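Reviewing the structure listed below.
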């Protein structure tokens, strides 16, 4: 592995070869670590300015980024579930049960997935036994996954046309991509602004929020930018003021960590551009 990396122009000056071997054995596996090399430019098939230390630094930043974004996703999930339950509870035309039954017709797969999870969960099995034949919205949304929640939001918006969930109906399907990547520990900081990750049609709502954040509308054609703007927009709509302030402070700490070795990346415009993007997402 070391020989292959050296053949690609990756240096071992800031981290020795023995230390690199140890890191690959205990801290980072080869495929994920080397995926960050795509952020650096090549000349004649070799990286011009890439030390192994740069890859480990990006891997560390990306790990912290995933944890940070997952926290935002959990806030959004809680906020949307709370909002929907409140709307249904206060609606005299809803009894809290028929809406779940109708959702099972709208999306049988999502309904079955939720009930199966409830049945197999050791901590919640008694809830399944008690409610399996007549599940309520209060029980159902308590255990629904982020993906099922996204489908339920679509169903409920079409059912009620309630403006309070319209934004979630528009943006949650995009934010879900960031949530899933973070929850499944997939690298975020790879293929940044690449031609392979383009959205076919820009969503006007996403463009509007991006513009308000000071992000150039042309960047919304990038899939990650589209999804990140959606995530942050939902967080500002569905989380508390206290949660938003905490998220901002945590984001600023992350930006400070990301700039710790800024000298590593002074010749890499893609990484500089991504840092500037996140600064706008966090501070706008």
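Numbering (the numbering used here), first residue to last: 73 to 356. A virtual CB, placed ideally from N, CA and C, is assigned to each residue, including glycine. Only a predicted model underlies this, so the values are computations on that prediction, with no experimental measurement involved.
(request) Compare the Cα-Cα distances from residue 196 to each of 212, 183, 181 and 206 and report the closest residue. (result) 212
(message) At a cut-off of 7 Å, would you count residue 280 as near the ligand GDP, judging by its Cβ distance to the nearest heavy atom?
(response) By its list of ligands, the structure shown contains no ligand whatsoever, and the ligand GDP lies outside what it can speak to.
(message) If I follow the unbroken alpha helix (DSSP H) through residue 338, where does it start and stop?
(response) Where residue 338 is concerned, there is no enclosing alpha helix (DSSP H), given that its DSSP letter is neither H nor E.
(request) Report the three-state DSSP secondary structure of residue 82 (helix, strand or coil). (result) coil
(request) Give the DSSP-derived three-state secondary structure of residue 123 in the structure shown. (result) strand
(message) Check this for me: beta carbons of residue 226 and residue 159, under 8 Å apart or not?
(response) no
(request) Tell me whether residue 108 is buried or exposed, calling it buried when 16 or more other Cβ atoms sit within 10 Å of its Cβ. (result) buried
(request) Entirely within the segment 195 to 230 and at least 4 residues each: give me those alpha helix (DSSP H) ranges in chain order. (result) 197 to 203 and 209 to 215
(message) Between the segment 285 to 302 and the segment 129 to 139, can you find at least three pairs of beta-carbon atoms closer than 8 Å?
(response) no
(request) Using 10 angstroms around the beta-carbon of residue 304, count the other beta-carbons present and answer buried if the total reaches 16, otherwise exposed. (result) buried
(message) Beta-carbon within less than 6 Å of residue 295's beta-carbon, same chain only, minus the 5 sequence neighbours each way: which residues are those?
(response) 269 and 271
(request) Determine the burial state of residue 92: buried for a count of at least 16 other Cβ atoms within 10 Å of its Cβ, exposed for fewer. (result) Under this definition residue 92 is a buried residue.
(message) For residue 341 and residue 291, what's the separation of their Cα atoms in angstroms?
(response) A direct Cα-to-Cα measurement between residue 341 and residue 291 gives close to 15 Å.
(message) Just verifying my parser: in three-state terms, what is the DSSP assignment at residue 260?
(response) coil
(request) Quick one: using the 10 Å Cβ neighbour count with 16 as the cut-off for buried, is residue 336 buried or exposed? (result) Classification of residue 336: buried, given that the 10 Å Cβ count is 16 or more.
(request) Measure from the alpha carbon of residue 307 to the alpha carbon of each residue in 118, 190 and 142, then state which is nearest. (result) 142
(message) On the CB-based measure, 16 or more other CB atoms within 10 Å of its CB, does residue 73 come out buried or exposed?
(response) exposed
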